[in-house]
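For reference, the structure discussed in these notes is given below.
In my numbering, the protein residues as written are 1412 to 1469.
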């Protein structure tokens, strides 16, 4: 799975969670997914680690 795919999957998972933070976090993950095309993208590693934690993968 590509980095962008992992981020989009995490965003979808966030949307089904209850609470006021779920939607803003999902939007943030989607924005990051659209900007992580290269290795030097800011916050790429952090975004991927967050997505993997949400998705339950490592």
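C-beta: ideal position from N, C-alpha, C; glycine also. Predicted, not measured: the structure shown is a model, and the values here were computed from it.
May I ask you to report which of helix, strand or coil DSSP gives residue i?
i            : result
residue 1419 : helix
residue 1432 : coil
residue 1452 : coil
residue 1412 : coil
residue 1468 : coil
residue 1425 : helix
Using a threshold of 8 Å, state whether the C-beta atoms of residue i and residue j are closer than that.
i            : j            : result
residue 1418 : residue 1458 : yes
residue 1393 : residue 1425 : Absent from the model: residue 1393. The displayed extent of the chain is 1412 to 1469, so no value can be given.
residue 1462 : residue 1440 : yes
In terms of alpha-carbon separation, which member of the options lies closest to residue i?
i            : options                   : result
residue 1447 : 1440, 1455 and 1441       : 1455
residue 1422 : 1444, 1451, 1413 and 1412 : 1444
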